[in-house]
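First comes the structure, then the notes that go with it.
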Amino acid sequence: MRFFGGLTLFFYTLIILMVGGLFIVIATNIIPLTYIIETLGTIHSNTDVRLILGVTGGLLIFIAIMIVQVTVGIVKKEKTIAFENPDGQVTISLTAIEDFIKRAMKQLPEVKESRPNVRASKKGITIVNRVVLFSDVNIPETTEKIQNIVKSRVQDMLGVEELVEIQINVVKIAHKEERANKDVKKDDKIPPFRGTIEY
């Protein structure tokens with residue numbers, strides 16, 4: 185993925201530099217117009233040169249199309265996790281795993297906000313969880329707790345002993361008052377029980 189991404193970046197950067205350089209040359213009149221016309225006339229009149237330019241242009245277009253197709257294919261492939269069941273293949277969207285982690289983090293009173301990013305590779309699953317914690321928590325203990333919960337729940341959800349690496353980035357510390365507001369909102373979401381209990 186990194187190789188094709190770097191190749192794509194290099195290819196399009198080279199094209200942009202060439203086009204930008206051409207515009208600068210035309211704007212600053214570094215090369216006389218007569219010389220450009222003579223060069224184009226020579227190229228147009230020489231069959232071998234035109235053939236070389238045509239083949240080179242076709243190859244560049246072909247390479248660009250192949251790079252885009254391969255890059256898009258790899259990106260699409262890495263957006264899901266696949267494993268085999270006796271009845272066939274099962275794929276799980278990385279977005280579904282991210283939503284699952286968000287819901288799990290909402291149950292922790294120490295966490296105000298969670299923005300997980302899940303990446304899958306041949307080595308396993310890497311989860312980078314950007315969190316906002318409340319100011320009255322112990323950060324080392326809380327982050328370790330988050331890592332353990334996320335790892336165990338993701339492994340339980342997938343049903344496989346997949347290598348899961350959890351990285352926690354604490355991006356903000358919220359005030360205690362915001363934690364109280366979060367607890368109030370939680371209580372408001374739970375409707376009172378108005379029915380009868382049957383035994």
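Position one of the sequence shown corresponds to residue 185 (our numbering), numbered consecutively onward.
All C-beta atoms, glycine included, are put in the ideal place defined by N, C-alpha and C.
Excluding sequence positions up to five away, which residues of its chain have a Cβ less than 6 Å from the Cβ of residue i?
{"i": "M289", "result": "V295 and S298"}
{"i": "I350", "result": "I311, Q331, V334 and K335"}
{"i": "A358", "result": "K296, V316 and F318"}
Buried or exposed, going by whether 16 or more other CB atoms sit within 10 Å of the CB of residue i?
{"i": "T275", "result": "exposed"}
{"i": "I173", "result": "Because the chain here runs from 185 to 383, residue 173 falls outside it and cannot be looked at."}
{"i": "F355", "result": "A quick correction: the sequence has Val, not Phe, at residue 355. Exposed, because fewer than 16 other Cβ atoms sit within 10 Å of the Cβ of V355."}
{"i": "F207", "result": "exposed"}
{"i": "A304", "result": "buried"}
{"i": "P270", "result": "exposed"}
{"i": "T327", "result": "buried"}
{"i": "V203", "result": "exposed"}
{"i": "V321", "result": "buried"}
Leaving aside the five residues before and after residue i along the sequence, list all residues of the same chain whose C-beta is less than 8 Å from its C-beta, in chain order.
{"i": "I323", "result": "L317 and V354"}
{"i": "N301", "result": "E282, I311, V312, N313 and R314"}
{"i": "R378", "result": "Any reading at R378 must be qualified, since the residue scores a pLDDT of 45, below 50, and its modelled position is unreliable; the value itself is stated next. Answer for R378: no residue qualifies."}
{"i": "I285", "result": "S298, P300, V302, I311, N313, V334, R337 and V338"}
{"i": "K329", "result": "L292 and E294"}
Go through its chain and collect everything with a Cβ distance to residue i's Cβ below 7 Å, but skip five positions before and after it.
{"i": "Q273", "result": "A266"}
{"i": "R337", "result": "A288"}
{"i": "T264", "result": "T275, I276, S277 and L278"}
{"i": "M250", "result": "none"}
Bridge partners of residue i, per DSSP?
{"i": "V348", "result": "I309"}
{"i": "I357", "result": "L317"}
**OP:** Counting only runs of 3+ residues fully inside the region 291 to 320, write out the beta strand (DSSP E) ranges in chain order.
**Re:** Taking only runs of at least 3 residues, the beta strand (DSSP E) segments lying wholly in the region 291 to 320 are 295 to 305 and 308 to 318.
Original post:
Unbroken beta strand (DSSP E) runs of length 3 or more, entirely within the region 226 to 291: which are they?
Top reply: As for any beta strand (DSSP E) of minimum length 3 sitting wholly inside the region 226 to 291, the runs are 264 to 269 and 272 to 277, ordered along the chain.
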